[in-house]
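Numbering-wise (numbering that gives the first Met the number 0), the sequence shown opens with residue 0 and increments by one. Virtual Cβ for every residue (Gly too), placed ideally from N, Cα, C.
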Amino acid sequence: MIVDPVLRCKMRVQQVLQVKEADGSVSQEQVDLTAVYGPEGTENAKWSKWTPSASFKISINNPAAFGQLSKGHEFYVDFTPAE
């Protein structure tokens, strides 16, 4: 059964920190995201009206996912109950 998300946030990547091993290889990315906001009348202003403050931090250990989130890019984050 597919369950629709109960909450959707629009987030912007604020920082991506690469954690490196002694040999210089990347072992992890730590990504910080915050809720979007914008001037009156913009799409981001509409989002920030309903979710004015949010922060999300994720640590990624999957090398295939490295580089997928970069500073300044915006993403939707959906919260769906785990059944």
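At 3 residues or longer, what runs of the beta strand (DSSP E) sit wholly inside the stretch 2-35?
6-19, 25-34
Measuring alpha carbon to alpha carbon, tell me which residue in Ile59, Gly37, Lys19 is nearest Asp31.
Ile59
DSSP-derived helix/strand/coil call for Glu73:
strand
DSSP three-state label for Ser47, please.
helix
Given this structure, state the Cα-to-Cα distance separating Lys9 from Val76, to the nearest angstrom.
6 Å
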